[in-house]
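In our numbering, the protein residues as written are 651 to 1066.
Input: a single structure, listed below in structure tokens.
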Ligand code: ADP
Ligand code: ASP
Ligand code: MG
């Protein structure tokens, strides 16, 4: 007997027929004698629709009311799945975040889970009842519904797994695991049987949306064994939680025997470039630029600054989330006099391509290979950042797919 969390994403619960299929996956584990808590997302497209309605109602809306609206998608699927389970003879009930409760901080719209009291859930699942939990939501210190940011059901699942001491957290989705890059854009991508928490954290934060970044952080901190797998297999054709189920285990680095230099390639079109031209090259300039951005809660990612030839004027380039681009420009225009730049340029038509691998720690020349590969395709690099286990380059967005494919082949990741 094991204790499992099974999480199903939007495409897996897209309509009632798929919800019935999910119910069969759950029944398989229950029949095998396991205790099960299920976490569900909203039906695919539902959250986008709810978000659009809040914007329609007013662009400047109250974040607490936004949460009241967008959390409703998950409430629908948790109820429907509980009904579908009951219909096939499985004892089940739905749970909203506030009923458990899943306590969050006050950051409505992008709240962090502060604490989960798992005792009620444990009591019920030990009595043989399946708990169907609405993902993406909890309750804030103000006693109001709070949502966890887009893709947040992954985080709900890992947090529940930690709270009830689950043996594993299975993330069922529309792909059968984590691939060397997004299989939708590179058909030759290969499924990874294991990925370290650290690499998965980099992949997720650099654009691989298969898992929400916070879910990986949490899995790493709490040591939750997280297994990414497909919900589209025939539920009756696979053994219950078998060892040879196709999927990807996110685990400690020590568990990975065959370490590659490069594990994966990620891309993101969610960043925009800003360049300040003819900035005075003197102490305090970086602070004059980045403090007002930080005060406006705008995250700056890549930063490139040239050293000026004669110590007077230089250029400063950096990236901000595309969603914050207009706000960032406004902040910088307001601070123009204190910063002392002459021209502000920017572009949202850029993409960040990243190469990730723990093997980079001990291998030289990985970055040089990437630069050579991109150059051979005529792809210009606008900015570069590196860390111990990743290299990111900023390029023109129309070259995204070409760049990802080029790097994927170059590091020997293509399947035969
Ligand atoms: P869910 O609705 O189940 O949460 P998501 O759409 O959030 O599913 O995540 C699954 C998608 O992530 C896949 O369909 C795939 O296109 C995308 N993806 C991006 N990068 C990767 C990767 N490296 N491996 C697997 N899937 C990836
Ligand atoms: N339904 C939410 C979203 O679309 C949460 C999730 O699916 O994980 O972002
Ligand atoms: Mg998702």
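Cβ atoms here follow ideal geometry from the backbone N, Cα and C, with glycine treated the same way.
Checklist entry - Are the CB atoms of residue 688 and residue 786 nearer to each other than 9 Å? => result Along the chain shown, read from residue 1 onward, the residue named residue 688 stands at position 38. Along the chain shown, read from residue 1 onward, the residue named residue 786 stands at position 136. It is not a contact, given that the beta carbons lie outside the stated cut-off.
- Could you tell me if the beta carbon of residue 823 falls within a distance shorter than 8 Å of some heavy atom in the ligand ASP? Residue 823 sits at position 173 when you count from the first residue of the chain shown. The answer is no for residue 823.
Exercise. Relative to the C-alpha of residue 894, which residue among 997, 826, 685 and 706 is closest?
Worked result: Against the chain shown, residue 894 aligns to sequence position 244. Out of 997, 826, 685 and 706, 826 has the C-alpha closest to the C-alpha of residue 894.
With distances taken from each beta carbon to the nearest heavy atom of the ligand MG, which residues come in below 5 Å, in chain order? 659 and 801
Check your understanding: With respect to the beta strand (DSSP E) encompassing residue 654, which residues constitute its N-terminal and C-terminal limits?
Key -> The sequence position of residue 654 within the chain shown is 4, counting from 1. Its beta strand (DSSP E) spans residues 653 to 658.
Practice task
Please specify which runs of the beta strand (DSSP E), each continuous and at least 3 residues long, are wholly inside the region 685 to 746, giving them in chain order.
Solution key: 685 to 690 and 742 to 745
Problem set entry | residue 1011 to residue 710 span [Cα, whole Å] | In the chain shown, counting from the first residue as 1, residue 1011 sits at position 361. In the chain shown, counting from the first residue as 1, residue 710 sits at position 60. Going by the C-alpha atoms only, they are around 46 Å apart.
Exercise for review: Compare the C-alpha of residue 1041 against each of 1049, 665 and 1057 and name the closest.
Suggested key: Locating residue 1041 in the chain shown gives position 391, where the first residue counts as 1. Ranking 1049, 665 and 1057 by Cα distance to residue 1041 puts 1057 first.
Inset, instruction - Look at the alpha carbon of residue 1064 and the alpha carbon of residue 1005, and state the distance between them as a whole number of angstroms. - result: One-based indexing of the chain shown puts residue 1064 at position 414. One-based indexing of the chain shown puts residue 1005 at position 355. Whole-angstrom Cα-Cα distance: 14 Å.
Less than 9 Å between the beta carbons of residue 658 and residue 731, yes or no? Counted from its first residue, the chain shown places residue 658 at position 8. Counted from its first residue, the chain shown places residue 731 at position 81. It is a contact, given that the beta carbons lie within the stated cut-off.
*residue 1047 to residue 1026 span [Cα, whole Å]*: Residue 1047 sits at position 397 when you count from the first residue of the chain shown. Residue 1026 sits at position 376 when you count from the first residue of the chain shown. Between residue 1047 and residue 1026, the C-alpha separation is close to 17 Å.
Check: At what residue ranges does the region 837 to 910 contain a whole run of the beta strand (DSSP E), taking only runs of 3 or more?
Finding: 844 to 846, 876 to 880 and 898 to 901
The beta strand (DSSP E) enclosing residue 994, as first and last residue numbers: Counted from its first residue, the chain shown places residue 994 at position 344. Residue 994 -> beta strand (DSSP E) spans 993 to 997.
For residue 897 and residue 829, what's the separation of their Cα atoms in angstroms? For this step, residue 897 is matched to residue 247 along the chain shown. For this step, residue 829 is matched to residue 179 along the chain shown. In a straight line, the C-alpha of residue 897 is about 10 Å away from that of residue 829.
- Query: Taking Cβ to Cβ, would you say residue 981 is nearer than 9 Å to residue 926?
  - Reply: Within the chain shown, the letter at position 331 stands for residue 981. Within the chain shown, the letter at position 276 stands for residue 926. Against a cut-off of 9 Å, the Cβ pair of residue 926 and residue 981 comes out as no contact.
Could you give the DSSP three-state label for residue 926: helix, strand or coil?
The residue given as residue 926 occupies position 276 in the chain shown. Residue 926: strand per DSSP, three-state reduction.
Among 808, 750, 781 and 652, which has the Cα closest to the Cα of residue 682? Start at 1 with the first residue of the chain shown, and residue 682 comes out as number 32. Out of 808, 750, 781 and 652, 652 has the C-alpha closest to the C-alpha of residue 682.
Got a sec: does the ligand ADP put a non-hydrogen atom nearer than 8 Å to the Cβ of residue 833? Looking up residue 833 in the chain shown gives position 183. Checking the Cβ of residue 833 against the ligand ADP gives yes.
Element boundaries [beta strand (DSSP E), containing residue 984]
The count along the chain shown starts at 1 and reaches residue 984 at position 334. Note, residue 984: premise wrong, no beta strand (DSSP E); alpha helix (DSSP H) at 975 to 984.
- request: Express the C-alpha separation of residue 1062 and residue 759 in angstroms, rounding to a whole number.
  value: For this step, residue 759 is matched to residue 109 along the chain shown. For this step, residue 1062 is matched to residue 412 along the chain shown. Taking the straight line joining both Cα atoms gives about 40 Å.
Note to self: Is any non-hydrogen atom of the ligand ASP found closer than 8 Å to the C-beta of residue 803, if you look at the structure I gave you?
What the structure shows: Here the question's residue 803 lines up with position 153 in the chain shown. Checking the Cβ of residue 803 against the ligand ASP gives yes.
Margin query: According to DSSP, simplified to helix, strand and coil, what is residue 1005?
Written below: In the chain shown, the residue the question calls residue 1005 occupies position 355. Three-state DSSP puts residue 1005 in a strand.
Our contact map puts residue 797 next to residue 868 with C-beta atoms below 8 Å; I'd like the distance itself, whole angstroms only.
As a working note, residue 797 is residue 147 in the chain shown. As a working note, residue 868 is residue 218 in the chain shown. At roughly 16 Å, the Cβ-Cβ gap does not stay under 8 Å, so residue 797 and residue 868 are not in contact.
> With which residues is residue 968 paired in a DSSP beta bridge?
Replying inline: As a position in the chain shown, residue 968 is number 318, starting the count at 1. BP columns for residue 968 point to 924 and 953.
CB contact flag (residue 856, residue 900, <9 Å) | Here residue 856 refers to the residue found at position 206 of the chain shown. Here residue 900 refers to the residue found at position 250 of the chain shown. In this structure, residue 900 does not lie closer than 9 Å to residue 856 by Cβ.
Check your understanding: Which residues bound the beta strand (DSSP E) around residue 938?
Key -> Start at 1 with the first residue of the chain shown, and residue 938 comes out as number 288. Run containing residue 938: none in the beta strand (DSSP E); it sits in the alpha helix (DSSP H), 935 to 945.
- Cα-Cα separation between residue 844 and residue 880, rounded to whole angstroms: Here residue 844 refers to the residue found at position 194 when the chain shown is read from its first residue. Here residue 880 refers to the residue found at position 230 when the chain shown is read from its first residue. Rounded to the nearest angstrom, the two C-alpha atoms are 15 Å apart.
Could you tell me which residues DSSP pairs with residue 820 in its beta bridges? Looking up residue 820 in the chain shown gives position 170. Paired residues: 656 and 877.
Neighbourhood of residue 1054 by C-beta distance below 8 Å, restricted to the same chain and skipping five residues each side: Numbered from its first residue, the chain shown carries residue 1054 at position 404. For residue 1054, where only same-chain residues beyond five positions count, the Cβ hits under 8 Å are 831, 832, 835, 836, 915, 917 and 1003.
Pairwise C-alpha distance: residue 1033 and residue 988
To locate residue 988, count along the chain shown from 1; it is residue 338. To locate residue 1033, count along the chain shown from 1; it is residue 383. Those two C-alpha atoms are separated by around 25 Å.
* Asked: By how many angstroms is the C-alpha of residue 1013 removed from the C-alpha of residue 611?
  -> Nothing about residue 611 can be reported from this structure: the residues present for the chain run from 651 to 1066 only.
First and last residue of the uninterrupted alpha helix (DSSP H) at residue 805: In the chain shown, counting from the first residue as 1, residue 805 sits at position 155. Residues 803 to 814.
- Starting from residue 1056 and walking both ways along the beta strand (DSSP E), at which residues does that stretch end? Counting from 1 along the chain shown, the entry for residue 1056 is found at position 406. Counting along the chain, residue 1056 falls outside any beta strand (DSSP E), though it belongs to the alpha helix (DSSP H) covering 1050 to 1060.
What number of angstroms, rounded off, separates the C-alpha of residue 715 from the C-alpha of residue 704? Position 65 of the chain shown holds residue 715. Position 54 of the chain shown holds residue 704. Roughly 8 Å between the two C-alpha positions.
_Any heavy atom of the ligand ASP inside 8 Å of the beta-carbon of residue 699?_
Here residue 699 corresponds to residue number 49 of the chain shown, with the count starting at 1. Result no, Cβ not under 8 Å from the ligand ASP.
Buried or exposed: which applies to residue 699, given that a residue is buried once 16 or more other Cβ atoms fall within 10 Å of its Cβ? Position 49 of the chain shown holds residue 699. It is exposed - the Cβ of residue 699 has fewer than 16 other Cβ atoms within 10 Å.
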